[in-house]
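Report on the following structure.
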């Protein structure tokens, strides 16, 4: 179930299940909301604190987009950009996206309200994002009225824009809408007034009510969350009942995996022991001198044998080239990201710390006794420097 709660008066709450309103009401303070163990808690705030912008920036990643966003909107907001919180739920490279902007002070204030009232909010939305749409309309207008609101209007357009304004500013909202848009108005007197005032626009009466419970009786199309990790309330809900089935399934899975791993361990251990015994028997049969090799000196004896069989020097192989290159890369504090072979050449791609290491590593590789290195390419990909080298044996 979903429980929608307002963080500011009037403290309305609405519980929905399967897109249907199950219960609703009002309380004296946020701490009195009827929270259930199974509820997904959605905080609702006044939309007059949240502005909506459509933004398109040539960014390759969302991190780059969010870094440039405040400066792109600097002329479109009335406050200092350092004092604002920017939220973009669905960023896509090369596309225009919707950005919601709210002051950081307000986010901190709402976070404090939720913490004080012990509300484990899963997300935070402006009230205009909950307005439904008539199947034949592009926008919805709701006249709130009442002692708490005066003549406030909440409006929402299918393009994602929303606003909560005084009725005196409605003409500014309408000026941004295409003339051929159909606008659903939930207040009869307001609809009649608008039809008379704007005869060239298509206004239609849609009496759905002006309460949160009325709007949530219709399918919701919002997918928005103003929170990020910095402002999310530090209140968490826990229900043994909701975790019982997953915990039981996890315990069963762990037991099965442990039992199977135990069986595989002992069976593989026996197989490995058998293979090693056969290997030792074959090695001793064909190379009886191996019994004379001191423990820990096998590499030295093997190197001597190779040198003797090749006239005193060991052949340069891909393995030996990689070993020499690894020593150079280790001293430079870089890592390998890819290795490939082409004929007698070894091609390595390294992740460097900065561009200054590109030529330095080329020089260090060429200074080894057996390597000839050639830089193939280098690139800076979103802050990470990659360089590819072709290694070949020296003549």
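Residue numbers (the numbering used here): 165 to 559.
Just so it is clear, CB atoms sit at the ideal spot from N, CA and C, and this is done for glycine as well.
For residue i, does the three-state DSSP call read helix, strand or coil?
i           : result
residue 500 : strand
residue 307 : strand
residue 243 : coil
residue 212 : helix
residue 226 : helix
residue 520 : coil
residue 255 : coil
residue 419 : helix
residue 425 : helix
residue 175 : strand
residue 534 : coil
residue 283 : coil
residue 448 : helix
residue 392 : coil
residue 553 : strand
residue 315 : coil
residue 189 : strand
residue 237 : coil
residue 180 : strand
residue 505 : strand
residue 481 : coil
residue 219 : strand
residue 492 : helix
residue 272 : helix
residue 299 : coil
residue 540 : strand
residue 414 : helix
residue 380 : coil
residue 560 : Only positions 165 to 559 of the chain appear in the structure, and residue 560 is not among them; the question remains open.
residue 260 : coil
residue 398 : coil
residue 572 : Not covered by the structure: residue 572. The range shown for the chain is 165 to 559.
residue 558 : coil
Have a look at the options and flag the residue whose alpha-carbon is nearest the alpha-carbon of residue i.
i           : options               : result
residue 256 : 225, 343 and 340      : 225
residue 337 : 344, 346, 323 and 319 : 319
residue 187 : 398, 434 and 380      : 380
residue 262 : 550, 229 and 548      : 229
residue 138 : 329, 362 and 328      : Outside the shown range of the chain (165 to 559) lies residue 138, about which nothing can therefore be said.
residue 203 : 418, 165 and 487      : 165
residue 192 : 240, 173, 209 and 356 : 173
residue 368 : 382, 344 and 376      : 344
residue 241 : 512, 227 and 213      : 213
residue 555 : 175, 243 and 525      : 525
residue 177 : 185, 183, 184 and 190 : 190
residue 488 : 531, 245, 366 and 209 : 531
residue 290 : 391, 260 and 440      : 391
residue 236 : 254, 383, 433 and 217 : 217
residue 528 : 179, 491 and 399      : 491
residue 519 : 510, 544 and 504      : 544
residue 376 : 209, 444, 200 and 199 : 209
residue 227 : 295, 251 and 247      : 251
residue 266 : 258, 438, 243 and 287 : 243
Near residue i, what residues of its chain come up, given a Cβ to Cβ distance below 6 Å and the 5 sequence neighbours on each side ignored?
i           : result
residue 307 : 317, 351 and 354
residue 285 : 205, 207, 278 and 397
residue 275 : 395 and 397
residue 245 : 234 and 238
residue 502 : 513
residue 270 : 213
Given residue i, which residues of its chain have a CB within under 8 Å of its CB, disregarding the five upstream and five downstream residues?
i           : result
residue 557 : 480, 485, 508, 534, 535 and 536
residue 497 : 517
residue 293 : 211, 320, 326, 386 and 388
residue 522 : 516, 539, 542, 549 and 551
residue 330 : 314, 315, 316 and 317
residue 197 : 167, 169, 175, 177, 191, 281 and 283
residue 499 : 493, 514 and 515
residue 366 : 344, 345, 346 and 347
residue 181 : 165 and 166
Taking DSSP's pairing of strands, which residues face residue i in a bridge?
i           : result
residue 436 : Residue 436 pairs with nothing; no bridge assigned.
residue 548 : 545
residue 207 : 169 and 288
residue 320 : 304 and 326
residue 430 : DSSP output for residue 430 lists no bridge partner at all.
residue 250 : 265
residue 512 : 503 and 553
Near residue i, what residues of its chain come up, given a Cβ to Cβ distance below 7 Å and the 5 sequence neighbours on each side ignored?
i           : result
residue 277 : 171 and 194
residue 546 : 224 and 225
residue 364 : 343
residue 378 : 372
Length-filtered (3 minimum) beta strand (DSSP E) runs lying within the stretch 331–377 = Counting whole runs of 3 or more residues, the stretch 331–377 contains the beta strand (DSSP E) stretches 346–349 and 366–369.
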